[in-house]
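If you're matching positions, the sequence shown starts at 1397 in our numbering and goes up one per residue.
Beta carbons are placed, not taken as given, at the ideal position from N, Cα and C, and that holds for glycine.
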Amino acid sequence: KYLKENEPKPIGRVNPVDAKGLQISEGDQVKLFNDRGYVVMEAVIHAGLPRKTLSAPRSFQKDEFIDGHFADISTNQYNQVCANQAFNDVVVDIEKV
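Below, the structure is given as structure tokens:
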């Protein structure tokens, strides 16, 4: 419950220069995708991010995303200590839905 107080829904933070080039505005739905799959969430413009970087904080359950899931864009390689996928460094394209 306490996590939802700060992040109530999945968001993708985008640098404002990148967002302008992609014609993405605050609150638009965006699709993050690669050759593995996709996930759809709401865009938040964030000047603190470097260009060409997207930040999507914490994971959500599949039914909390507009469509798709982080696991759909991640690798199938798992951590050897625990069965987690690494979402920290994934190459994706982004487009306005």
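Cα-Cα separation, Thr1449 to Val1436: One-based indexing of the sequence shown puts residue 1449 at position 53. One-based indexing of the sequence shown puts residue 1436 at position 40. Approximately 17 Å, taken between the alpha carbons.
Contact set for Asp1414: own chain, Cβ-Cβ below 7 Å, skip 5 residues either direction: Residue 1414 sits at position 18 when you count from the first residue of the sequence shown. Closer than 7 Å at the Cβ level, and outside the excluded window around Asp1414, lie Arg1447, Lys1448.
Nearest-angstrom Cα separation, counted from Thr1471 out to Ala1439: On the sequence shown, residue 1439 is found 43 positions in, with the first residue counted as 1. On the sequence shown, residue 1471 is found 75 positions in, with the first residue counted as 1. Their backbone Cα atoms lie some 23 Å apart in a straight line.
Rounded straight-line distance, which links the Cα of Pro1453 to that of Lys1400: As a first step, residue 1400 must be located in the sequence shown, where it is residue number 4. As a first step, residue 1453 must be located in the sequence shown, where it is residue number 57. As the crow flies, the alpha-carbon of Lys1400 is around 12 Å from that of Pro1453.
Residues near Asp1489 by beta carbon distance below 6 Å, same chain, minus five either side: One-based indexing of the sequence shown puts residue 1489 at position 93. Hits under 6 Å: Phe1429.
Residue closest to Val1493, alpha-carbon to alpha-carbon, out of Ile1462, Val1487, Tyr1398: In the sequence shown, the residue the question calls residue 1493 occupies position 97. With distances taken between Cα atoms, Val1493 lies closest to Ile1462.
Inter-residue Cα distance where the pair is Asp1424 and Pro1406: As a first step, residue 1424 must be located in the sequence shown, where it is residue number 28. As a first step, residue 1406 must be located in the sequence shown, where it is residue number 10. Going by the C-alpha atoms only, they are around 12 Å apart.
Collapsed DSSP secondary structure at Gly1423 in the structure displayed: Residue numbering aside, residue 1423 sits at position 27 when the sequence shown is read from its first letter. Assigned with DSSP and collapsed to three states, Gly1423 falls in coil, not helix or strand.
Val1487 - DSSP class collapsed to helix/strand/coil: In the sequence shown, residue 1487 corresponds to position 91, counting from 1. Val1487 falls in the coil class under three-state DSSP.
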